[in-house]
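Numbering-wise, this note's numbering puts 123 at position 120 of the sequence shown, and it's gapless, one number per residue. For reference, the structure discussed in these notes is given below.
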Amino acid sequence: MTTLNDRPNTALLVVDVQNGVVAGSHERDNVVANVAVLVGKAREAEVPVVWVRHNDEGLAKGSPEWNLVPELTPSPSEPLVEKSYGDSFEDTALESVLADLGVGHLVVSGAQTDACIRSTLHGALARGYDATLVSDAHTTDDLTKWGAPPPAQVIAHTNLYWTHQTAPGRTAGTVATKEVAFKPGA
């Protein structure tokens, strides 16, 4: 249903599951395990997995914190997009990678819920993509000392509003890891 012409394919987008991003995140191990399940399902169905990795002053390229978590290893054939802004599309090659793959629907997982995940979801929908958030495959840190709600509430709220997100000619929504069923070759 995407508004992007000739983009019938789906891709799994794995955003910022890096050592320095998820080290202290809410339910880190469960979320990383769910992302690993999603990667396995996508690969089995021959659905593209597109990895996104953030870098900035606090997450320097080449540092141990910048590396993806050891539980997740991109295949050499899977695109890895480098970014420096919250929205994974902003000033990156993501759009051209997805265009080359014929992707119009993104299944989104990763971190941080209240930053890069939200920005990327909105960026995708605004650019014409269908965007599905995997409700139990994204996480965030505890930012309550800066006035944010506890992480579980941030995650629940993001799942709630993305479940009901709409845009003309595009779909949004959430799905749990166990419910994700990639169609082979889609």
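Think of the CB as a built atom: it goes at the ideal place given N, C-alpha and C, for glycine as much as any other residue.
Short Cβ contact (8 Å threshold) for residue i with residue j
i, j, result
"residue 53", "residue 38", "no"
"residue 45", "residue 185", "yes"
"residue 109", "residue 16", "yes"
"residue 10", "residue 106", "yes"
"residue 169", "residue 177", "no"
"residue 73", "residue 14", "no"
"residue 123", "residue 18", "yes"
From the options, residue whose alpha carbon lies closest to that of residue i
i, options, result
"residue 181", "50, 140, 59", "140"
"residue 89", "173, 159, 125", "125"
"residue 104", "27, 82, 41, 56", "82"
"residue 161", "170, 175, 148", "175"
"residue 85", "57, 119, 102, 110", "57"
"residue 131", "98, 65, 80, 183", "98"
"residue 34", "123, 121, 75", "75"
"residue 157", "142, 149, 148, 171", "142"
"residue 60", "79, 121, 24, 163", "24"
"residue 87", "63, 80, 152", "63"
Exposed unless 16 or more other CB atoms sit within 10 angstroms - verdict on residue i
i, result
"residue 32", "exposed"
"residue 91", "buried"
"residue 66", "exposed"
"residue 7", "buried"
"residue 144", "buried"
"residue 133", "buried"
8 Å CB neighbourhood of residue i in its chain, flanking five on each side removed
i, result
"residue 71", "20, 21, 22, 54, 56, 77"
Residues of its chain near residue i, where Cβ-Cβ distance is below 7 Å and the 5 sequence neighbours each way are ignored
i, result
"residue 183", "41, 44, 110, 137"
Close beta carbons around residue i, own chain, < 6 Å, minus the five adjacent residues each side
i, result
"residue 154", "29, 143, 145"
"residue 179", "138, 139"
* To do: Examine the Cβ distances between the region 17-33 and the region 101-119 and report whether three or more of them are shorter than 8 Å.
  => yes
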